[in-house]
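Residue numbers (the working numbering), protein chains in the order written: chain R, 3 to 115; chain Z, 8 to 120.
Read the structure below first, then the notes.
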């Protein structure tokens, strides 16, 4: 079946690195995404990675993909209080004409001063 | 340029009523997707429209329907509202297939009493 799993909570100190992990089950996934949601707001695309890549870096963000283990991680360097939010992992499942995004339940990141 | 606009932001309806939510995508974006977000189920895909045609559909009952107009604006309708329909409804747009990610609106918070 299709499933994306994330740990629900992560707490870090300001200035430390945060690592948010995600596992997925659909081997037909072509793209994987990280989105951020702040209270009362919609989802903001942070970054995405194509399934034939194993790493992507974008400023403070590093995405690692282990396709064999179906494991995706998001590392935020020098975490700031403004990074406190819920982070969602999503996979794009392309099964014929039934293309859709499958989402994890989100990891709530708390950054302590 | 303007982002994805959803109206209204908040809505309170009575069980049994129907509701229509509106989404205006980013100018030039032809794909519009709808999601239901609840604390227990997370983000669930409702449907996707592209050039006025429904391209994909999630596993929701027929009470949930949508449409897209020639200017790419989209509406979703829920008839015979149930208490369990209370959720944040999110609309997302992309230029074409969304492989590089979607831009989300801030959502419509629907409360059914």
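Heads up, the beta-carbon is just placed ideally off N, CA and C, and yes, glycines get one too.
Considering only their Cβ atoms, is the gap separating residue j from residue i smaller than 8 Å?
{"i": "residue 80 of chain Z", "j": "residue 17 of chain Z", "result": "no"}
{"i": "residue 6 of chain R", "j": "residue 108 of chain R", "result": "no"}
{"i": "residue 13 of chain Z", "j": "residue 114 of chain Z", "result": "yes"}
{"i": "residue 52 of chain Z", "j": "residue 65 of chain Z", "result": "yes"}
{"i": "residue 84 of chain R", "j": "residue 111 of chain Z", "result": "no"}
{"i": "residue 4 of chain Z", "j": "residue 20 of chain Z", "result": "In the structure displayed, chain Z extends from 8 to 120; residue 4 of chain Z sits before or after that span and is not available."}
{"i": "residue 111 of chain R", "j": "residue 22 of chain R", "result": "yes"}
{"i": "residue 81 of chain R", "j": "residue 14 of chain R", "result": "yes"}
{"i": "residue 102 of chain Z", "j": "residue 62 of chain Z", "result": "no"}
{"i": "residue 24 of chain R", "j": "residue 74 of chain R", "result": "yes"}
{"i": "residue 49 of chain R", "j": "residue 56 of chain R", "result": "no"}
{"i": "residue 54 of chain Z", "j": "residue 73 of chain Z", "result": "yes"}
{"i": "residue 87 of chain R", "j": "residue 39 of chain R", "result": "yes"}
With DSSP run on the structure shown, which of helix, strand or coil describes residue i?
{"i": "residue 88 of chain Z", "result": "coil"}
{"i": "residue 103 of chain Z", "result": "coil"}
{"i": "residue 56 of chain R", "result": "coil"}
{"i": "residue 49 of chain Z", "result": "strand"}
{"i": "residue 27 of chain R", "result": "coil"}
{"i": "residue 108 of chain R", "result": "coil"}
{"i": "residue 85 of chain R", "result": "helix"}
{"i": "residue 65 of chain Z", "result": "coil"}
{"i": "residue 114 of chain R", "result": "strand"}
{"i": "residue 49 of chain R", "result": "strand"}
{"i": "residue 73 of chain Z", "result": "strand"}
Are the C-beta atoms of residue i and some chain Z residue less than 8 Å apart?
{"i": "residue 87 of chain R", "result": "no"}
{"i": "residue 43 of chain R", "result": "yes"}
{"i": "residue 77 of chain R", "result": "no"}
{"i": "residue 67 of chain R", "result": "no"}
{"i": "residue 33 of chain R", "result": "yes"}
Would you verify that the beta carbon of residue i is, or is not, closer than 8 Å to some beta carbon of chain R?
{"i": "residue 109 of chain Z", "result": "yes"}
{"i": "residue 52 of chain Z", "result": "yes"}
{"i": "residue 106 of chain Z", "result": "yes"}
{"i": "residue 63 of chain Z", "result": "yes"}
With residue i and residue j assumed to form a contact (beta carbons below 8 Å), what rounded beta-carbon distance in angstroms separates them?
{"i": "residue 119 of chain Z", "j": "residue 95 of chain Z", "result": "Between residue 95 of chain Z and residue 119 of chain Z the Cβ distance is about 13 Å, and since that is not below 8 Å, they are no contact."}
{"i": "residue 92 of chain R", "j": "residue 28 of chain R", "result": "Not confirmed; about 11 Å, so no contact."}
{"i": "residue 72 of chain R", "j": "residue 35 of chain R", "result": "Not really, about 15 Å apart at Cβ, beyond 8 Å."}
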